[in-house]
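Participant:
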Amino acid sequence: MKPVTLFRKMHRWATLIIGVQAVLWTLGGVYMTVIPLPIIHGKHMMSDVQPAEIDWARVDIDPGLVLLANPDAHHVRLTMFDGEPVYQVMGERHSLISAETGKVVSPVSEESVRRVARTDFAGDAEIIAVSLIEDDVPLEIQNATPPLWRVDFAGWNQPSFFYSAETGQFVSRRHNLWRGFDIAWMFHIMDYKDRTDMDNWLLRIMTAIGLFSALAGIGLLIYRLGGRKRPEAAR
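Residue numbers (our numbering): 516 to 750.
1) Mapping the DSSP letters down to three states, classify Trp671 as helix, strand or coil.
2) Roughly how many angstroms separate the alpha carbons of Tyr738 and Ala731, rounded to a whole number?
3) Suppose the cutoff is 8 Å on Cβ atoms and the five residues either side in sequence are ignored; what does the same chain contact list for Leu582 look like?
4) Quick check: the Cα distance between Tyr678 and His526, rounded to an integer number of angstroms?
5) With Ser610 and Val619 assumed to form a contact (beta carbons below 8 Å), what rounded beta-carbon distance in angstroms separates them?
6) Within a Cβ cutoff of 6 Å, which residues of the same chain sit near Ala567, ignoring the five residues on either side of it in sequence?
7) Could you give the uninterrupted runs of the alpha helix (DSSP H) lying entirely in the stretch 588-674, keeping only those of 4 residues or more?
8) Spatial neighbours of Ile533 within its chain, please: CB distance less than 7 Å, with the 5 preceding and 5 following residues excluded, ordered by chain position.
9) Measuring straight from C-alpha to C-alpha, what distance separates Pro661 and Val538?
10) How would you write the range of the beta strand (DSSP E) that Arg689 sits in, first residue to last?
11) Using a Cβ-Cβ cutoff of less than 7 Å, which residues in the same chain neighbour Val519 once the five nearest sequence positions on both sides are dropped?
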């Protein structure tokens, strides 16, 4: 087999391999460009309800006592949760403490999470499921720390709100358009495991194949044009 014939075959295979990935890159790029990022982030799903003002008349526990009871705490915040003043304690372990009684009220109950999610959600879609995530965190919220409450709403976009089961804090929101974006991003960076590594070896290899295909194509074009000119020069 002549070297140029072998080179042509290598170029065809390289073009085929990179061509499939190029289609995925293009489709993913179109998806990520067409849908505005604010929609992907799902901010439109959050209601405009302002955080409830602290009911100081019901705050009977001094924050100093909370710190004494939780020496490992690095942050204590007084807020309202489900109509009750509470201290959100952040430390080695997070917890929620009633500012009225001093009792630990975490993990928060399913009923409380339902009410909070209903208030946070902008719309009248029905809550179709509430589930507690204790160990295996879904890939779509892989950086979140369990335990988490997941609240799923009805609708074509299948919105999901996530809350910390320890503090009741809102953690994140996901929906089908976001999930589609995540898949497009996965194909874009070619990280099929965590979908976060933009410097993985598979992407490097595909980049090298793409570069080889382009340079090989240029080389074959020059060779072909040179072959056409030689007979004319011989005359």
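Glycine is no exception: its CB is placed at the ideal position from the N, C-alpha and C atoms.
Bear in mind that the values here come from a model prediction, so they are computed numbers and not experimental data.
Facilitator: So, from the listed chains and residues:
1) Counted from its first residue, the sequence shown places residue 671 at position 156. Coil, per DSSP.
2) Taking the first residue of the sequence shown as 1, we reach residue 738 at position 223. Taking the first residue of the sequence shown as 1, we reach residue 731 at position 216. Approximately 10 Å between the Cα atoms of the pair.
3) Along the sequence shown, read from residue 1 onward, the residue named residue 582 stands at position 67. Taken in chain order, the residues that qualify are Ala588, Val591.
4) Walking along the sequence shown from the start, residue 678 turns up at place 163. Walking along the sequence shown from the start, residue 526 turns up at place 11. Distance between the alpha carbons of Tyr678 and His526 is about 52 Å.
5) Taking the first residue of the sequence shown as 1, we reach residue 610 at position 95. Taking the first residue of the sequence shown as 1, we reach residue 619 at position 104. Rounded to the nearest angstrom, the Cβ distance from Ser610 to Val619 is 6 Å, consistent with a contact under 8 Å.
6) Translated into positions along the sequence shown, residue 567 becomes position 52. Correct list, in chain order: Met595.
7) Fully enclosed alpha helix (DSSP H) runs of 4 or longer: 625-635.
8) Locating residue 533 in the sequence shown gives position 18, where the first residue counts as 1. Taking C-beta separations shorter than 7 Å and ignoring five residues to either side along the sequence, the partners of Ile533 in its chain run Met721, Ile724, Gly725, Ser728, following chain order.
9) Position 146 of the sequence shown holds residue 661. Position 23 of the sequence shown holds residue 538. Distance between the alpha carbons of Pro661 and Val538 is about 37 Å.
10) Locating residue 689 in the sequence shown gives position 174, where the first residue counts as 1. Going by DSSP, Arg689 is part of the beta strand (DSSP E) stretching over 685-689.
11) Along the sequence shown, read from residue 1 onward, the residue named residue 519 stands at position 4. If the five residues before and after Val519 are omitted, its C-beta is found closer than 7 Å to the C-beta atoms of Tyr738, all from its own chain and listed in chain order.
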